[in-house]
Amino acid sequence: MSSADFLERAIEFLPVPEGPPFPEIRLHQASIAFELATKAAILHGGGTHADCLRARHDLVAGLDAARRYGFTATDAAQATARTLTPFYSTHRLDELARDPGAADVERLCIEAAAQVARVHAWMQSCSDGRK
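In this note's numbering, the protein residues as written are 8 to 138.
See the structure below:
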């Protein structure tokens, strides 16, 4: 898969307001979109599929790898990655969804969408033609 393919898949996974009202499903969609967009940045910046595999479902590790290839995440994206990773990487998003004090589900979904948009804009702004 190319970086454009990863980005396209990320967009497909973005939770939509009229989507399922279940917080766990929305968090899962947001986490997948965040992960795929970040992996698109890794590949677009010159990373390999092996770099993507090393990050696995660790969104923080993914952002670290993307930074090595030229993509800089916002503080909000870093915070979102730190919030989601312990639950997403161990398939426990239901726990995060059930704890009303742990996180604002809508904020996390909005930030995942912002990460996808930032990666898309960054990929378009690269003038060297990497894909």
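The beta-carbon is built from N, C-alpha and C at its ideal position, and this holds for glycine as well. Keep in mind that this is a model prediction, so the values were computed, not measured.
DSSP three-state assignment for residue i, whether helix, strand or coil
i	result
residue 54	coil
residue 92	helix
residue 9	coil
residue 28	coil
residue 87	helix
residue 101	helix
residue 21	coil
residue 127	helix
Test item: CB-CB of residue i and residue j under 9 Å
i	j	result
residue 46	residue 77	no
residue 115	residue 34	yes
residue 73	residue 49	yes
residue 96	residue 65	yes
residue 14	residue 112	no
residue 42	residue 62	yes
Same chain, Cβ closer than 6 Å to residue i, five either side skipped, listed in chain order
i	result
residue 10	47, 50, 51 and 138
Other residues of its chain near residue i: CB distance less than 7 Å, five sequence neighbours each side excluded
i	result
residue 30	104 and 112
- Can at least three beta-carbon pairs, one atom from the stretch 114–132 and one from the stretch 81–89, be found at a separation below 8 Å? yes
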